[in-house]
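So for the sequence shown, this note's numbering puts the first residue at 470; every next one is plus one.
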Amino acid sequence: MRRLLEFVEPSGDDVCLDVARGGGPMAAALGPQVRHVTAVDATPARAGSRGGRMSTVTFGTGPVRIARDCDLPPASTTSPDGLATGAAAAAAVVAAGPGARTAAREPRRPRGDGPDGGTIRADATALPYRDNAFSLVTARFSLYNLGEPEHVLRELLRVCRPDGRLIIADLVRGNLAGPDRDRIERLRDPDHPGTPSIARLTEMITSAGASIRRLDVFTVERPVEPWLAGAADEAAADRIREALTDEVDGGPRTGAKPRMIGGELWFTQSWAHVAAEPIS
Numbered sequence: 470m471r472r473l474l475e476f477v478e479p480s481g482d483d484v485c486l487d488v489a490r491g492g493g494p495m496a497a498a499l500g501p502q503v504r505h506v507t508a509v510d511a512t513p514a515r516a517g518s519r520g521g522r523m524s525t526v527t528f529g530t531g532p533v534r535i536a537r538d539c540d541l542p543p544a545s546t547t548s549p550d551g552l553a554t555g556a557a558a559a560a561a562v563v564a565a566g567p568g569a570r571t572a573a574r575e576p577r578r579p580r581g582d583g584p585d586g587g588t589i590r591a592d593a594t595a596l597p598y599r600d601n602a603f604s605l606v607t608a609r610f611s612l613y614n615l616g617e618p619e620h621v622l623r624e625l626l627r628v629c630r631p632d633g634r635l636i637i638a639d640l641v642r643g644n645l646a647g648p649d650r651d652r653i654e655r656l657r658d659p660d661h662p663g664t665p666s667i668a669r670l671t672e673m674i675t676s677a678g679a680s681i682r683r684l685d686v687f688t689v690e691r692p693v694e695p696w697l698a699g700a701a702d703e704a705a706a707d708r709i710r711e712a713l714t715d716e717v718d719g720g721p722r723t724g725a726k727p728r729m730i731g732g733e734l735w736f737t738q739s740w741a742h743v744a745a746e747p748i749s
């Protein structure tokens, strides 16, 4: 979250809109640094969803470890598969789980004198706000879960001021990486929409009517067990554990690059932060 906030570069004059699936932490993190934050829970209502599953999803569970310098090219470079990286944040450890504490100032509730106050429910493809209403619009790990991403992006850009910026944070895969990695994701969540390549994500944003100003792509490692707490069922979790353990022991590759850290099984993901501006 600290890395994302540095990327966002919020100002005290910003009027912000955060669109998330469920109660994400972004609005609370932005609150102390901007003039006003409006938080939208845009969790879609899905017909025929599996009984017993939670209707909202919180992305972060468990610690997240940014890959170390030895795993990354120098700052401001791009690897052959298109993964731009920043080694300045390498070796940082971010506590992202419930109840986690960091050295950063503890976020307060979103503040401001806008009409919405707290979190409201709305459709991400039909937001109840006028054109050009916000100077900063954010969507963290939710773009592909709020409806058709192209429609969501157009709506986020509609409510963003011409001189404002749209920040998208999401999972990605390298431009040369195949979709095999999604097999593990779909074992955990059969509704997983698939992980876009970096090129696909940036293409969608520009096609929706924005120009990309900055891009930060980096690799993180996560412990498997907190992530598997959100699995569809225990049988699916067992299959994932078995596949990842087999790979550690020299078996078939899953694309998750698992390894043992301190006696625990960890795996990798690639995250992207994209800053874009509406094209007038």
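Even glycine gets a Cβ: it sits at the ideal position worked out from N, Cα and C.
For the 8 Å CB-CB criterion, I681 and V606 do not form a contact.
Assignment of P648 by DSSP, reduced to helix, strand and coil, places it in the helix class. Judged by DSSP in its simplified three-state form, E617 adopts coil rather than helix or strand.
G647 is the residue among Q502, R655, G647 and A677 whose C-alpha sits nearest the C-alpha of S666. In the three-state scheme derived from DSSP, where H, G and I count as helix and E and B as strand, D487 is classed as strand. Exclusion of the five residues before and after D487 leaves M495, A496, A508 and T607 as the residues of its chain whose Cβ lies within less than 6 Å of its Cβ. Scanning its chain for C-beta atoms nearer than 6 Å, with the 5 sequence neighbours on each side dropped, one finds around L697 the residues A706, in chain order.
In this structure P747 does not touch P618 by the C-beta definition: roughly 17 Å separates them, more than the 8 Å allowed.
Note on geometry: alpha-carbon atoms of P501 and G492 lie some 18 Å from one another.
Between the segment 622 to 641 and the segment 667 to 679, the count of C-beta pairs closer than 8 Å reaches three or more; the two stretches touch.
Cβ-Cβ distances below 6 Å link V503 to P479, D483 and C485 in the same chain, with the five nearest sequence neighbours on each side left out; the list follows chain order. In this structure, the alpha-carbon of R710 lies about 13 Å from that of D702. Taken atom to atom, the span from the alpha-carbon of K726 to that of E694 is near 15 Å. For P659, the closest alpha carbon among the candidates G699, G719, S604 and T594 is that of G699. DSSP links S749 through a beta bridge to no other residue. In the DSSP assignment, S676 falls within the unbroken alpha helix (DSSP H) covering I667 to S676. Shortest Cα-Cα distance from R642 to any of G732, E475 and G724 involves G724.
Comparing alpha-carbon positions, the option among F603, A712 and M729 lying closest to R652 turns out to be A712. Between the alpha carbons of G481 and E654 lies a distance of about 38 Å.
The distance from the Cβ of A745 to that of R634 is about 7 Å, consistent with a contact at the 8 Å cut-off. Contact between V689 and I535 holds: CB atoms are separated by about 6 Å, below the 8 Å threshold. Counting the other CB atoms within 10 Å of its CB gives M729 a total below 16, which places it among the exposed residues. Counting other Cβ atoms within 10 Å of its Cβ, L596 reaches 16 or more and is therefore classed as buried. Under the three-state reduction of DSSP output, L596 falls in the coil class, being neither helix nor strand.
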